[in-house]
Amino acid sequence: MKSSVIVFPGSNCDRDVAVALNKFKFINQMVWHDETNLPKSDLVVLPGGFSYGDYLRTGCIASKSRIISDIIQHAKKGGLILGICNGFQILIEAGLLPGSLLRNKNLRFLSKNVFLKITDVKNQFCLDYKKDHVVEFPIAHNEGNYFVDKSTLNSLEDQNLIAFKYCNEKGITDEDSNPNGSSNNIAGILNSKKNILGLMPHPERVIDPLHSSQDGVGIFKSLLK
Amino acid sequence: MKISATVFLKKDVLDPQGKVVSQTLKNMGYKNVINVRQGKFFEIELNETNKEKAKEIVDEISKKLLTNTIIEDYTINLK
């Protein structure tokens, strides 16, 4: 499987995710944001970081990069796109996913491990997980408070487009297990065709025995299925 | 020509920064402060003499880049 990791000025998880992709035998290449042609790819990854120093709005300037029009074409053709953290913010600013990511409710930068419930497994990113399975992923963000209007929120729920929800160790999704104030505890969502996933937590940081868990392995294995 | 655009979070969107500023002002003794909303102010210098045209351009800029219309509103101010 061929993958491309897009690198923006200020990306800082691009190498981490490349290490993860290589570990699972993806044929990966790094693509600079200023390129006009996206190399042939099955999967495009928008990595975490602070593209353009979060100027104007998180992900906003990066979403106007030259490479984005090719990424939108890739999406239209049904190609897979994974946006992690800042990558999720870029996908939203590019209009590829609905809603918006606001500042965390408590105004703090959050860097810690959280529990997530896999709320949809009928998508190319979660095939390797079991529904309602609880995993532990790290988060590291300041703007992860997912916000969307009521009707879109309802349609995300109805169409099973929410892939991950923040929960506690027992899988209960409540206010106490919601780190940033996201609507309905949302941590990751899919587009309606389910070929695009954006999530705030970092699966690439939990793929090795030396990491705090290996729960992120499922995403990379799912992509290869 | 200089035109400015002001971008604010929509009324029903939580503005935590504005809330903190408001609370701090109250703590500083400004008991008559009711509420504060924090926004962004852009001053745009355009190579354009026609006011209507300039307004149109800034309107487009505001929609395409300066504002996230899901959560923000904007107003354009001609000088």
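Heads up: the sequence lines are chains A and B, in that order. For what it's worth, this note's numbering labels the leading residue of the first sequence as 1, then goes sequentially. For what it's worth, this note's numbering labels the leading residue of the second sequence as 1001, then goes sequentially. Backbone N, C-alpha and C fix where the C-beta goes; we use that ideal spot for every residue, glycine too. This structure is a prediction, so every number in the text was calculated from the model and none was measured.
(1) Could you run through the stretch 97-115 of chain A and flag, in chain order, every residue whose CB is less than 9 Å away from some CB of chain B?
(2) Does any C-beta atom of chain A lie closer than 8 Å to the C-beta of Asn-1068 of chain B?
(3) In whole angstroms, what separates the C-alpha of Ile-1044 of chain B from that of Tyr-55 of chain A?
(4) Using beta carbons (cut-off 8 Å, strictly below), is Val-1058 of chain B in contact with chain A?
(5) Measuring only between beta-carbons, confirm whether Val-1021 of chain B sits less than 8 Å from chain A.
(6) Is the beta carbon of Asn-160 of chain A closer than 8 Å to that of Thr-173 of chain A?
(7) Could you tell me whether the Cβ of Arg-57 of chain A comes closer than 8 Å to any Cβ of chain B?
(8) Please confirm whether Leu-1065 of chain B and Tyr-1074 of chain B have their CB atoms less than 8 Å apart.
(9) Report the residues of the stretch 1003-1022 of chain B with a CB closer than 8 Å to any CB of chain A, ordered along the chain.
(10) Is there a Cβ of chain A sitting closer than 8 Å to that of Ile-1071 of chain B, yes or no?
(11) What does Phe-147 of chain A reach in chain B if we use C-beta pairs closer than 9 Å?
(12) Decide if Thr-119 of chain A is buried, meaning its Cβ has at least 16 other Cβ atoms within 10 Å, or exposed.
(13) Determine the DSSP secondary structure at Pro-203 of chain A, reduced to helix, strand or coil.
(14) Assuming Ile-1071 of chain B and Ser-100 of chain A form a contact by the criterion Cβ under 8 Å, report the distance between their Cβ atoms to the nearest whole angstrom.
(15) The beta strand (DSSP E) that contains Asn-113 of chain A, what's its start and end?
(16) Specify whether the stretch 39-47 of chain A and the stretch 142-162 of chain A touch according to this definition: at least 3 beta carbon pairs, one from each stretch, less than 8 Å apart.
(17) Return helix, strand or coil for His-141 of chain A, following the three-state DSSP convention.
(18) Quick one: residues in its chain with C-beta nearer than 8 Å to the C-beta of Leu-110 of chain A, no 5 flanking neighbours on either side, listed in chain order?
(19) For Asp-128 of chain A, tell me which candidate among A:Val-5, A:Asp-34, A:Ile-67, A:Phe-220 has the shortest Cα-Cα distance.
(20) Spell out a yes or no on whether the stretch 201-215 of chain A and the stretch 68-75 of chain A are touching, meaning 3 or more CB-CB pairs, one atom from each, closer than 8 Å.
(21) So Ser-3 of chain A packs on Cys-126 of chain A, CB below 8 Å; how close in whole Å?
(22) Consult DSSP for Glu-93 of chain A and reduce its assignment to one of helix, strand or coil.
(23) Check each candidate in A:Asn-113, A:Gly-78, A:Gly-216 and name the one with the smallest Cα separation from Asn-191 of chain A.
(24) Going by DSSP, what residue range makes up the alpha helix (DSSP H) through Lys-221 of chain A?
According to the structure shown:
(1) Pro-98, Gly-99, Ser-100, Leu-102, Arg-103, Asn-104, Lys-105, Asn-106, Leu-107
(2) As a position in the second sequence, residue 1068 of chain B is number 68, starting the count at 1. Output row for Asn-1068 of chain B: interface = yes.
(3) For the purposes of this step, residue 1044 of chain B is taken as the residue at position 44 of the second sequence. For the purposes of this step, residue 55 of chain A is taken as the residue at position 55 of the first sequence. Between Ile-1044 of chain B and Tyr-55 of chain A, the C-alpha separation is close to 17 Å.
(4) Indexing the second sequence from 1 puts residue 1058 of chain B at position 58. With 8 Å as the cut-off, Val-1058 of chain B does not count as an interface residue toward chain A.
(5) Taking the first residue of the second sequence as position 1, residue 1021 of chain B is located at position 21. Answer no: the Cβ-Cβ gap between Val-1021 of chain B and chain A never drops below 8 Å.
(6) Position 173 of the first sequence holds residue 173 of chain A. Position 160 of the first sequence holds residue 160 of chain A. Their beta carbons are not under 8 Å apart, which means Thr-173 of chain A does not touch Asn-160 of chain A by this criterion.
(7) Residue mapping note: residue 57 of chain A aligns to position 57 of the first sequence, counting from 1. Yes, Arg-57 of chain A counts as interfacial toward chain B.
(8) Sequence index remark: in the second sequence, residue 1065 of chain B carries index 65 (1-based). Sequence index remark: in the second sequence, residue 1074 of chain B carries index 74 (1-based). No, the pair does not count as a contact, with Cβ atoms beyond the cut-off.
(9) Val-1013, Leu-1014, Pro-1016, Gln-1017, Val-1020
(10) Residue numbering aside, residue 1071 of chain B sits at position 71 when the second sequence is read from its first letter. Cβ-Cβ to chain A under 8 Å: yes for Ile-1071 of chain B.
(11) The count along the first sequence starts at 1 and reaches residue 147 of chain A at position 147. Here the neighbours are Val-1013, Leu-1014, Ile-1070, Ile-1071.
(12) Locating residue 119 of chain A in the first sequence gives position 119, where the first residue counts as 1. Buried.
(13) Here residue 203 of chain A refers to the residue found at position 203 of the first sequence. Three-state DSSP puts Pro-203 of chain A in a helix.
(14) Along the second sequence, one-based indexing puts residue 1071 of chain B at 71. Along the first sequence, one-based indexing puts residue 100 of chain A at 100. About 5 Å; that satisfies the 8 Å criterion.
(15) In the first sequence, residue 113 of chain A corresponds to position 113, counting from 1. Asn-113 of chain A -> beta strand (DSSP E) spans 110-118.
(16) no
(17) Stepping through the first sequence from its first residue, residue 141 of chain A is reached at position 141. In this structure, His-141 of chain A counts as strand in the three-state DSSP scheme.
(18) As a working note, residue 110 of chain A is residue 110 in the first sequence. Result list for Leu-110 of chain A: Asn-104, Ile-139, Ala-140, His-141, Asn-142, Gly-144, Pro-179, Asn-180, in chain order.
(19) Locating residue 128 of chain A in the first sequence gives position 128, counting from the first residue. Comparing Cα positions, the closest option is A:Phe-220.
(20) no
(21) Sequence index remark: in the first sequence, residue 3 of chain A carries index 3 (1-based). Sequence index remark: in the first sequence, residue 126 of chain A carries index 126 (1-based). Not really, about 17 Å apart at Cβ, beyond 8 Å.
(22) Start at 1 with the first residue of the first sequence, and residue 93 of chain A comes out as number 93. Reduced to three states, the DSSP call for Glu-93 of chain A is helix.
(23) The residue you call residue 191 of chain A lines up with position 191 of the first sequence. Of A:Asn-113, A:Gly-78, A:Gly-216, the residue nearest in Cα terms is A:Gly-78.
(24) Counting from one through the first sequence, the residue named residue 221 of chain A turns up at place 221. Its alpha helix (DSSP H) spans residues 217-224.
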